[in-house]
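Structure record follows, encoded as structure tokens.
2 protein chains.
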Amino acid sequence: MEDNIYSESKLREFTEAVFLKMGCSAEDAEKATDVLLKADLRGIDSHGVARLTGYVRLWEAGRINPTPEVTIVHETPSTAVIDGDGGLGLIVAIKAMEIAMKKAEQVGTGWVSVKNSNHFGIAGYHAMLAAEKDMVGMAMTNASPLVAPTFATERMLGTNPIAVAIPTAKQPMFVADMATTTAANGKLEILQRQEKDAPVGWIQNKEGNNSTNPFELKDGGALLPLGSDREHGSHKGYALGSIVDIFSAVFSGANYGPWAPPFVSFLPLAKDPVGEGLGHFLGAMRIDAFRPAEEFKHHMDNWISRFRDTKAVEGKTVLIPGDPEREAEAKRKTDGIPLNPKVVADLNEVAEKMGLSLL
Amino acid sequence: MEDNIYSESKLREFTEAVFLKMGCSAEDAEKATDVLLKADLRGIDSHGVARLTGYVRLWEAGRINPTPEVTIVHETPSTAVIDGDGGLGLIVAIKAMEIAMKKAEQVGTGWVSVKNSNHFGIAGYHAMLAAEKDMVGMAMTNASPLVAPTFATERMLGTNPIAVAIPTAKQPMFVADMATTTAANGKLEILQRQEKDAPVGWIQNKEGNNSTNPFELKDGGALLPLGSDREHGSHKGYALGSIVDIFSAVFSGANYGPWAPPFVSFLPLAKDPVGEGLGHFLGAMRIDAFRPAEEFKHHMDNWISRFRDTKAVEGKTVLIPGDPEREAEAKRKTDGIPLNPKVVADLNEVAEKMGLSLL
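From first to last, the protein sequence lines are chains A and B. Using our numbering, the first residue of the first sequence is number 301, and each one after it goes up by one. Using our numbering, the first residue of the second sequence is number 301, and each one after it goes up by one.
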């Protein structure tokens, strides 16, 4: 079945209505919608409105508080731990980044670790908030355990993404936004819908052997850390995922490792939690805390144009992190956003139940 | 030929004598020696005394200032840029970390970007300085361009390592110290000495095709970013290496990308430098800037023991970042440090020229 195409405004209207029905304030509904739509516009379909029904089901299961009171638990001039009060990570992370940016304004950098939160959407969204204000933005989060450490047969870590956004002058912003696995879970979901095999090196079966079956995780399999196997550096991907887990959850007092709460509402929470909810880590560094902003941005422009001019393999181009997403955004702003029919059916089921107009 | 075994104290004595002959102060010679010996003890042979002759040759070429005046160029309460005055990176990075830790004491975190420096040894050494003081330590550096971005045939980045050290209570410290490439250059040097092939996915030839020849870099080849190829996430390794380059050199005003000065003295410096020397980035975050130190360390212990107990592939064990290096250190402290005969010959050549006793 072919994808249906929707305009950005149509999807915004629909998504905001759903968040309002959940009981979010008008301001929060608008912000949460903006995070999801940014993912759809940037071509990260797994993290856009396709996730909306997941948030609704978590809310139905009482695992999301639509009207959280986000509070600072502890702080120093450059750090804070905040309690997300079980709110939507989409909203909580924006508030956390606002605090990080305020601290950066005051003392050069700001670092906020968050507990008691939920899935925060694309990490890149939060990092870019800082880069728009002449700061380097960083965002990480832990997530449902789907990843086996090197040599493990057990799922211990989430796909734990790291995003870094760096301001520029004339060149487009540098935006790296990556799962610390060889392939993000969203890539697997695409193969599942298409009923295609995965490349060797993305997943393993429950015994820890290579698998190309995109449904392998349903049978005890796991995603592999960036590097795929020990010989190709999977211990590095595992270490990166661990660092994200520790910064997000051990700094803050959230659940870490295998205790991280699952995104899907049909899986139970851990019976022996080691913290509260999911964790995030947000950072902002003012570029003029290091050197004059114009000088920094001039050199970033030079960095980008030199890397863009790198001699390439025949028929290929060397890209700058963020290039593919920016190109997708330009295209989808005008051409609209394609949604898989299964995603549309799922969204309409929720809309019907909530008494909202269908997509 | 078999390796010769040397005691730690013998190698310390030898190395310190060489640094003193270069004109380093007694304090600096001792510190620089400590960085190199830590690498040898921890089994990272490529970054230990095997590098000493490289530093000597850079000094002979006038590219290392043995008596640098390290100065703060710019600062805020949580950040600084320092000018390494062309000194040994081994020393300059220690000073930078001291500044980062002092800022962390005052405002929670400290972040120092360094220009006009040289190769700083193992990144892990500098990160561990902070972890010994109840801070999370981070250390990165850019380096001689040996790595091709995804789809490139040109060497644009160094192996640009990232180290993160995290304090614990009873468990040994968590220490991740990794090149952002599939394999570090040191791994290649080992294969060169043994005249063995490299696995597919570590290097490419000058056309950008897979190569297993460990000497391929001499013929225009390149190391590959972590992930090896696009399908296995090499764009992520490329992005990580880029972030290290930007934090180390664009923040500070050092040379970035292909302009980074080569470690080997026989290669010329770039004719059109974009900054001064090599760059580093050091960070320190006080754990009690987030939550009480004992609480944090208790949860780190729990994190580590849970991950150590992960169900493993038959015959394998799930390791914690830092385990192999710590085990090597315990062994080599008592059994001594093996040095390849080619390394010993190289060191003795320098000793002879300097009028020092041979190893």
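Yeah, the Cβ is synthetic: ideal placement off N, Cα and C, and Gly gets one too. Please read all numbers here as calculations on a predicted model, not as lab measurements.
With burial defined as no fewer than 16 other Cβ atoms inside 10 Å of the residue's Cβ, what is the status of residue i: buried or exposed?
i        : result
B:Asp340 : buried
B:Asn555 : buried
B:Pro641 : exposed
B:Arg632 : buried
B:Leu658 : exposed
B:Pro449 : buried
A:Lys470 : exposed
A:Thr611 : Residue identity check: residue 611 of chain A is Lys in the sequence provided, not Thr. Counting Cβ neighbours within 10 Å, A:Lys611 comes out exposed, since fewer than 16 surround it.
A:Ser454 : As written in the sequence, residue 454 of chain A is Glu, which differs from the Ser given in the question. It counts as buried.
B:Leu567 : exposed
B:Glu369 : exposed
A:Glu271 : Lying outside 301 to 659, the shown extent of chain A, residue 271 of chain A is not represented and no answer is given.
B:Asp383 : buried
A:Asp497 : exposed
A:Ala539 : buried
A:Lys518 : exposed
B:Ile543 : buried
B:Pro592 : exposed
B:Asp529 : buried
If you draw a straight line from the C-alpha of residue i to the C-alpha of residue j, how long is it?
i        : j        : result
B:Pro377 : A:Met435 : 16 Å
B:Ile637 : B:Arg351 : 15 Å
B:Pro514 : B:Ala483 : 11 Å
B:Glu531 : A:Pro525 : 14 Å
B:Ile546 : A:Gly362 : 43 Å
B:Val550 : B:Asp646 : 35 Å
A:Ala630 : A:Asp623 : 11 Å
B:Glu576 : A:Ile466 : 21 Å
A:Phe420 : A:Val373 : 20 Å
B:Ala584 : A:Arg586 : 17 Å
B:Glu652 : B:Lys310 : 17 Å
B:Asn510 : B:Ala479 : 20 Å
A:Leu337 : A:Ser413 : 25 Å
A:Glu316 : A:Leu446 : 30 Å
A:Tyr355 : A:Pro573 : 21 Å
A:Ile344 : A:Leu523 : 18 Å
A:Lys616 : B:Gly508 : 11 Å
A:Thr371 : A:Val349 : 28 Å
B:Asn442 : B:Thr481 : 12 Å
B:Thr627 : A:Ala476 : The sequence given here has Glu at residue 627 of chain B, not Thr. C-alpha separation (whole angstroms): 35 Å.
B:Pro499 : B:Gly533 : 17 Å
B:Gly537 : A:Gly537 : 10 Å
Got a sec? Which residues, its chain only, sit under 6 Å from residue i by beta carbon, not counting five neighbours each side?
i        : result
A:Ser346 : Gly486 and Glu489
A:Arg357 : Ser565
B:Phe319 : Ala329 and Ala332
B:Met654 : Lys321
A:Ala570 : Trp559
B:Phe314 : Leu659
B:Ala463 : Ala423, Gly424, Ala427, Ala439 and Asp477
B:Thr409 : Ser378 and Met585
Go through its chain and collect everything with a Cβ distance to residue i's Cβ below 7 Å, but skip five positions before and after it.
i        : result
B:Trp359 : Met322 and Pro366
A:Pro562 : Ser444
A:Glu248 : Because residue 248 of chain A is not part of the residues shown, which for chain A are 301 to 659, the question remains open.
B:Asp601 : Thr468, Ala469, Lys470 and Gln471
B:Pro411 : Residue 411 of chain B is actually Trp in this sequence, not Pro. These residues qualify, in order along the chain: Ser378, Thr379, Ala400 and Gly583.
B:Thr353 : Asp646, Leu647 and Val650
B:Arg608 : Val618 and Ile620
Please go through the same chain and pick out, in chain order, the residues whose beta-carbon is closer than 8 Å to the beta-carbon of residue i, but skip the five residues on each side of it.
i        : result
B:Ile394 : Lys331, Val335, His426 and Leu429
B:Asp303 : Pro638, Leu639, Asn640 and Pro641
B:Phe596 : Pro467, Ile587, Asp588 and Phe590
B:Glu405 : Arg586
B:Ile364 : Met322, Tyr355, Leu358, Gly386, Gly387, Leu388 and Asn418
B:Ala326 : Leu320
Is any non-hydrogen atom of the ligand NAP found closer than 8 Å to the C-beta of residue i, if you look at the structure I gave you?
i        : result
B:Lys496 : The ligand NAP is absent from the structure shown, which contains no ligand whatsoever.
(message) Please list, in chain order, the residues of the stretch 451-467 of chain A that have any C-beta partner in chain B closer than 7 Å.
(response) Phe451, Ala452, Thr453, Glu454, Met456, Val464 and Ile466
(request) Output, in sequence order along the chain, the residues in the stretch 584-613 of chain B whose CB is closer than 7 Å to any CB in chain A. (result) Met585, Ala589, Phe590, Arg591, Phe596, His599, Met600, Asn602, Trp603, Arg606, Phe607, Thr610, Lys611, Ala612 and Val613
(request) Please go through the stretch 389-448 of chain A and give each complete beta strand (DSSP E) segment of 3 or more residues, from N-terminal end onward. (result) 409-417 and 435-441
(request) Could you tell me which uninterrupted beta strand (DSSP E) segments, each at least 3 residues in length, are contained entirely in the stretch 444-507 of chain A, listed from first to last along the chain? (result) 462-466 and 474-478
(message) My parser needs the alpha helix (DSSP H) runs of 4 or more residues fully inside the stretch 532-562 of chain A; what are they?
(response) 534-545
(request) Would you list, in chain order, the members of the stretch 406-418 of chain A that have their beta-carbon closer than 7 Å to a beta-carbon of chain B? (result) Val407, Gly408, Thr409, Trp411 and Ser413
(request) Counting only runs of 4+ residues fully inside the stretch 602-640 of chain B, write out the alpha helix (DSSP H) ranges in chain order. (result) 623-635
(message) Counting only Cβ-Cβ distances shorter than 9 Å, please list the residues of the stretch 531-554 of chain A near chain B, keeping chain order.
(response) Glu531, His532, Gly533, His535, Lys536, Gly537, Tyr538, Ala539, Leu540, Ser542, Ile543, Asp545, Ile546, Phe547, Ala549, Val550, Phe551, Ser552 and Gly553
(message) Output needed in chain order: residues of the stretch 366-397 of chain B with a Cβ under 7 Å from some Cβ in chain A.
(response) His374, Thr376, Pro377, Ser378, Thr379 and Val381
(request) With 9 Å as the limit, tell me which residues of the stretch 553-569 of chain B have their beta carbon closer than that to any beta carbon of chain A; keep them in chain order. (result) Gly553, Tyr556, Gly557, Pro558 and Trp559
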